[in-house]
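Residue numbers (the working numbering): 36 to 235.
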């Protein structure tokens, strides 16, 4: 095996183990054993378990962000919501191990951050679309970032639930997500007010 092939093998094994057992439940010994190598080989390629984990997380985050970004091909804002919902659900379905790793709390301080920061990156993509729509409807476009976080967070949390249940079908989940978000957005009040006693 070449060095590059060995590195990819260790990444594949690490991804599988981190998805099944989490960071704490996975050991360098186990990774090395499954790869049929000694522990020093793992250290040579990644400097340890933390280094391997950081590369796995970084790759998965880039893959998901690329899938969502490339899915937003334009059209009516409702279509864009559908495209974003499908992109996340496609990622969950195709890269289940990667998604399981991303939604776990990371014990490693990484430059790429966490699932929450990835959701923020995706929300930034959605924010521009919402900002234009808000402006067109006479709403305050400065509120678009908050609404983008709410929308993307709703899809991400629903995706976690769907990963465990696998029901209903993906298209039906996407349709319901878009139904709630779009019909909720279409009925937005320009200046919403609380009706209860609590005001702050």
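A virtual CB, placed ideally from N, CA and C, is assigned to each residue, including glycine. Just so it is clear, the structure is predicted and the values come from calculations on it, not from any experiment.
query: In its own chain, which residues sit with a C-beta less than 6 Å from the C-beta of residue 162, not counting the 5 before and 5 after it?; result: 179, 180 and 183
query: Mind the definition here: the stretch 120 to 128 touches the stretch 97 to 105 only if three or more C-beta pairs lie below 8 Å; say whether that holds.; result: yes
query: Sorted by chain position, which residues of the same chain lie with C-beta nearer than 6 Å to residue 198's C-beta, five sequence neighbours on each side aside?; result: 127
query: Output the distance between the C-alpha atoms of residue 238 and residue 97, rounded to the nearest integer angstrom.; result: Look at the range of the chain in this structure, 36 to 235, and you will see that residue 238 is not part of it.
query: Using 10 angstroms around the beta-carbon of residue 91, count the other beta-carbons present and answer buried if the total reaches 16, otherwise exposed.; result: buried
query: Tell me which residue opens and which closes the alpha helix (DSSP H) that residue 211 is part of.; result: 205 to 221
query: In the DSSP assignment, find the unbroken alpha helix (DSSP H) run with residue 91 in it and report its ends.; result: 84 to 106
query: With distance defined between alpha-carbon atoms, name the residue in 217, 135, 153 and 121 nearest to residue 51.; result: 135
query: Give me, in chain order, the residues of the same chain whose beta-carbon lies closer than 6 Å to that of residue 165; leave out the 5 immediate sequence neighbours on both sides.; result: 179, 182 and 183
query: Residues in the same chain with beta-carbon distance under 7 Å from residue 53, minus the five sequence neighbours each way, listed in chain order, please.; result: 61, 88, 91 and 136
query: Output the boundary residues of the alpha helix (DSSP H) element that contains residue 129.; result: 112 to 129
query: Thinking just about the alpha-carbon of each residue, which of 167, 225, 177 and 206 is nearest to the one in residue 112?; result: 167
query: Determine the DSSP secondary structure at residue 172, reduced to helix, strand or coil.; result: helix
query: Compare the Cα-Cα distances from residue 189 to each of 216, 174 and 169 and report the closest residue.; result: 216
query: Would DSSP call residue 227 helix, strand or coil?; result: coil
query: What is the DSSP secondary structure of residue 167, reduced to helix, strand or coil?; result: helix
query: Using three-state DSSP, classify residue 232 as helix, strand or coil.; result: coil
query: Do residue 95 and residue 133 have their CB atoms nearer than 8 Å?; result: yes
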